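Engineer: Have a look at this one.
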Amino acid sequence: MGGFDGKNFIGGEWRPAASGRRFEQRNPAFLHEVTGTFADSGAADVDAAVAAAHAAFPGWRALSPLKRKAYLDRTLQAMIARRDEIAAVITRENGKALREARGEVDSAIKEMDYQIAEGVRLCGQTVPVEVEGTLAYSTREALGPVALVTPWNFPFNVPCRKATPALMGGNTVVLKPASLTPRTGLLFTELLAASGLPPGVINCVTGGGGTVGTALVGDARIKAISFTGSTPVGKSIQLAAARNLTATQLELGGKNPAIVLPDADLDLAVAEIVKGAFACSGQWCTSTSRVIVLEETAGELTERLVAAARAIAVRDGATEDCGMGPVCGAKQKVDILDYVAKGRAEGARLLTGGGALAGEDYDHGCFVAPTVFDRVTPEMTIAREEIFGPVLVIMTVRTFEEAVDVANGVAYGLSSSIFTNDLKRALTYMERAEVGLAHVNLMSALKEPQLPFGGVKESGAGLPEAGSSGIEFFTHHKVCYVKYR
Ligand code: NAP
């Protein structure tokens, strides 16, 4: 694979950056292994991609959603057929275990399938009105060229989750994938292009967020921006979008709690928390990063979480028995270890992990040991900020009320869990949790494509993705009044 090395996809053609510049990326398990060189694009490339999307829009919008479906169905079939190959590309770029990468492709397949079906039901409303002899109805209309700016942690699924409703809604797309995982974004683009989409309907421009991303989100021809990434970048996009009144959908960071009450099934709680905290090396926006436990259960739960963290086999994600792969890149490793140092300096107790792994299998990659802290208090940095790595903090509280206050006492509001068999407390927490997704006896990262996905507070703004709101974001309602008598 590599037909698109050094190239963008613009107006139906693979072409290098106007400047001819490229940047290199490496496998996070073996930093000496170059995974490819990619177009280091600039404003001229963004301009060309937006112009192509703009030119393709009238033709694509005019197609019936049923005709648009035929293209996306072909991409869906190609994704199913090439699932293992796509997963291998994800693992090589992102580092996650192959099992997790296959899970990512499987979830993209389900999301695309669901959003194609949503897209053929582009239903409006017919409502009686007061004016005699008048038919009033609404239709759902495409917005125009849209920008998708995506992160490296789900380099295939997030572009797919955004592009499918955007295209089914009749919009044309410019995708800007994360610079740590450009190949996966280009591969997704190739899968769409291979369906025979007319030139300009899908475009992909690689390059830095500060150059390509900024130029794209500030372009007045772009009618909607769907962004997934960090909160500070999300806020800067919201500001840029305001200048052109561009619609935004912002899916941002999280600091997701798991409350464990004394009556909980501890086997279940430990299994779900460990999966939620360490899958994909803790680099899910919905990763469980805070355990909030009542005093009477804290000792046993802590012991079991530490034992489970120690048992995780950390290795190259491409090995079939990998329990947890490397983190995604050298900077990510340094940032995570900085948080560990802050945790120790501020008085938390490190129970396991806390460092980079050393030895033959690890020295060339970005491996961080699964890490657990206890004696963590709400004002500590590691209790408040998103670490985005395999670091779990345990906080002990005295009452259910205090647990809810601590869970809600952060700036983020993405996802959360409570483990209990007490229906009253479970439902009270569902009522009071300040999040977009709340779970009882399930890990914080669980989501299904039939339901919306998004956060509140500093975790997101605008209509959520997925479910019925996926397509809702990418269309506007046109209301028509027709006097026939
Ligand atoms: P990031 O640094 O914010 O980058 C996300 C995307 O934005 C990348 O494509 C990046 O390009 C681009 N970008 C950077 N600066 C930009 C700018 N000034 N203008 C426009 N685009 C810009 O986030 P990340 O490190 O890739 O991803 C991790 C974050 O994503 C975490 O906070 C995580 O919680 C969040 N996330 C949220 C969700 C959710 O659904 N809520 C899902 C997944 C991840 P470059 O790569 O070239 O810098």
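Counting along the sequence shown from 1, when you hit position 212 you're at 356 in the numbering used here, and nothing is skipped either side.
All residues carry an ideal CB built from backbone N, CA and C; glycine is no exception.
Keep in mind that this is a model prediction, so the values were computed, not measured.
1) Distance, Cα to Cα, D518 vs G498?
2) From what residue to what residue does the alpha helix (DSSP H) around G351 run?
3) According to the Cβ coordinates, are E609 and E395 closer than 8 Å?
4) May I ask you to verify whether the segment 507-525 touches the segment 366-374, counting CB pairs closer than 8 Å and requiring at least 3?
5) Grouping DSSP H, G and I as helix and E and B as strand, with all else coil, what is K367?
6) With a 10 Å radius around its C-beta and 16 neighbouring C-beta atoms as the bar for buried, classify P202 as buried or exposed.
7) For A195, which of R365, T496 and S560 has the nearest alpha-carbon?
8) Just the C-alpha distance for H508 and M574, rounded to the nearest angstrom, thanks.
9) Check this for me: beta carbons of S612 and G398, under 8 Å apart or not?
10) Mind checking whether the beta-carbon of E237 lies closer than 7 Å to any heavy atom of the ligand NAP?
11) For the segment 287-367, list the beta strand (DSSP E) runs that are entirely contained and at least 3 residues long, ordered along the chain.
12) Which ranges does the alpha helix (DSSP H) cover as unbroken runs of at least 4 residues, wholly within the segment 538-574, from first to last along the chain?
13) In or out: Y628 buried (at least 16 other Cβ within 10 Å) or exposed?
14) By the DSSP assignment, the alpha helix (DSSP H) with I234 in it spans what residues?
15) Report all residues from its chain with a CB closer than 6 Å to the CB of M145; omit the five preceding and five following residues, and keep chain order.
16) According to DSSP, is M587 part of a helix, a strand, or is it coil?
17) Which complete beta strand (DSSP E) runs does the segment 431-482 hold, if anything under 3 residues is left out?
18) Should V623 be labelled buried (16 or more other beta-carbon atoms within 10 Å of its own) or exposed?
19) In the DSSP assignment, find the beta strand (DSSP E) that holds G382 and state where it starts and stops.
20) Examine the ligand NAP and report whether any of its heavy atoms sits within less than 7 Å of the Cβ of V600.
21) Check whether the Cβ of A322 sits closer than 7 Å to any heavy atom of the ligand NAP, and report yes or no.
22) For Y258, which residues from the same chain have a beta carbon less than 7 Å from its beta carbon, with the 5 sequence-adjacent residues on both sides left out?
23) How about the segment 215-222 and the segment 401-417: do they share at least three Cβ pairs that are nearer than 8 Å?
24) Please classify F617: does DSSP put it in a helix, a strand, or coil?
25) Hey, is E530 close to the ligand NAP, as in C-beta under 7 Å from one of its heavy atoms?
26) Taking buried to mean at least 16 other C-beta atoms within 10 Å of its own C-beta, is E416 buried or exposed?
27) Over the uninterrupted beta strand (DSSP E) stretch that includes P401, give me the two end residues.
28) Tell me whether the beta-carbon of G606 lies closer than 8 Å to the beta-carbon of Q393.
29) Can you tell which of R434, L319 and F532 has its C-alpha closest to the C-alpha of G553?
30) Please report how far the alpha carbon of R212 lies from the alpha carbon of P326, in whole angstroms.
31) Between A307, T179, S185 and Q169, which lies nearest to R159 when the distance is taken from Cα to Cα?
32) Just the C-alpha distance for T430 and A492, rounded to the nearest angstrom, thanks.
33) Check T525 in the structure and name its three-state DSSP category.
34) Can you tell me where the beta strand (DSSP E) holding G180 begins and where it ends?
35) In whole angstroms, what separates the C-alpha of I456 from that of A421?
Structural biologist: With the structure as the only source:
1) For the purposes of this step, residue 518 is identified with residue 374 of the sequence shown, where counting begins at 1. For the purposes of this step, residue 498 is identified with residue 354 of the sequence shown, where counting begins at 1. Across the structure, D518 and G498 are spaced so that their CA atoms are roughly 12 Å apart.
2) As a first step, residue 351 is located in the sequence shown; it is residue number 207 there, counting from the start. For G351, there is no enclosing alpha helix (DSSP H), as DSSP marks it with neither H nor E.
3) Along the sequence shown, read from residue 1 onward, the residue named residue 609 stands at position 465. Along the sequence shown, read from residue 1 onward, the residue named residue 395 stands at position 251. Against a cut-off of 8 Å, the Cβ pair of E395 and E609 comes out as a contact.
4) Cβ pair count under 8 Å is below three, so no.
5) What you label residue 367 is simply residue 223 of the sequence shown in a count that begins at 1. Here K367 sits in coil by DSSP.
6) Along the sequence shown, one-based indexing puts residue 202 at 58. Looking at its Cβ environment, which holds fewer than 16 other Cβ atoms inside 10 Å, P202 is exposed.
7) One-based indexing of the sequence shown puts residue 195 at position 51. Nearest of R365, T496 and S560 to A195, Cα basis: R365.
8) Position 364 of the sequence shown, counting from 1, holds the residue named residue 508. Position 430 of the sequence shown, counting from 1, holds the residue named residue 574. Their backbone Cα atoms lie some 44 Å apart in a straight line.
9) The residue given as residue 612 occupies position 468 in the sequence shown. The residue given as residue 398 occupies position 254 in the sequence shown. Between S612 and G398, the C-beta spacing is not below 8 Å.
10) In the sequence shown, the residue the question calls residue 237 occupies position 93. No, the beta carbon of E237 sits no closer than 7 Å to any heavy atom of the ligand NAP.
11) Within the segment 287-367, the complete beta strand (DSSP E) runs of at least 3 residues fall at 289-293, 316-320 and 346-348.
12) 544-552, all fully within the segment 538-574.
13) What you label residue 628 is simply residue 484 of the sequence shown in a count that begins at 1. Label assigned to Y628: exposed.
14) By one-based count along the sequence shown, residue 234 stands at place 90. Start and end: R227 to N238.
15) For the purposes of this step, residue 145 is identified with residue 1 of the sequence shown, where counting begins at 1. At M145, the pLDDT of 48 sits below 50, so the modelled position is not reliable; the number obtained from the coordinates is stated separately. Excluding sequence neighbours, M145 sits near nothing in its chain.
16) What you label residue 587 is simply residue 443 of the sequence shown in a count that begins at 1. M587 falls in the coil class under three-state DSSP.
17) Entirely contained in the segment 431-482, the beta strand (DSSP E) runs reaching 3 residues are, in chain order, 432-438.
18) The residue given as residue 623 occupies position 479 in the sequence shown. Within a 10 Å sphere around the beta-carbon of V623 sit fewer than 16 other beta-carbons, which makes this residue exposed.
19) Indexing the sequence shown from 1 puts residue 382 at position 238. Strictly speaking, residue 382 in this sequence is Gln, with Gly absent from that position. Here Q382 belongs to no beta strand (DSSP E); instead the alpha helix (DSSP H) covers T375 to N388.
20) Stepping through the sequence shown from its first residue, residue 600 is reached at position 456. In this structure, V600 has its CB at a distance of at least 7 Å from all heavy atoms of the ligand NAP.
21) Translated into positions along the sequence shown, residue 322 becomes position 178. Result yes, Cβ under 7 Å from the ligand NAP.
22) If you number the sequence shown from 1, residue 258 lands on position 114. The residues are P593 and Q594.
23) As far as the Cβ criterion goes, the segment 215-222 does not touch the segment 401-417, which means the pair count is below three.
24) Walking along the sequence shown from the start, residue 617 turns up at place 473. Reduced to three states, the DSSP call for F617 is helix.
25) On the sequence shown, residue 530 is found 386 positions in, with the first residue counted as 1. Checking every heavy atom of the ligand NAP against the Cβ of E530, one is found closer than 7 Å.
26) Here residue 416 refers to the residue found at position 272 of the sequence shown. The residue is buried, with at least 16 neighbouring Cβ atoms inside 10 Å.
27) In the sequence shown, counting from the first residue as 1, residue 401 sits at position 257. For P401, the enclosing beta strand (DSSP E) starts and ends at N400 to V404.
28) Here residue 606 refers to the residue found at position 462 of the sequence shown. Here residue 393 refers to the residue found at position 249 of the sequence shown. With respect to the 8 Å criterion, G606 and Q393 are classified as neighbours on the basis of their beta carbons.
29) As a first step, residue 553 must be located in the sequence shown, where it is residue number 409. Of all alpha-carbon atoms in R434, L319 and F532, the one lying nearest the alpha-carbon of G553 is that of R434.
30) By 1-based counting over the sequence shown, the position of residue 212 is 68. By 1-based counting over the sequence shown, the position of residue 326 is 182. So the alpha carbons of these two residues sit roughly 26 Å apart.
31) Position 15 of the sequence shown, counted from the first residue, corresponds to residue 159. Selected option, being the one with the closest Cα: S185.
32) Start at 1 with the first residue of the sequence shown, and residue 430 comes out as number 286. Start at 1 with the first residue of the sequence shown, and residue 492 comes out as number 348. For the pair T430 and A492, the Cα-to-Cα distance works out to about 23 Å.
33) Translated into positions along the sequence shown, residue 525 becomes position 381. It is helical.
34) If you number the sequence shown from 1, residue 180 lands on position 36. For G180, the enclosing beta strand (DSSP E) starts and ends at F174 to A183.
35) Along the sequence shown, one-based indexing puts residue 456 at 312. Along the sequence shown, one-based indexing puts residue 421 at 277. As the crow flies, the alpha-carbon of I456 is around 12 Å from that of A421.
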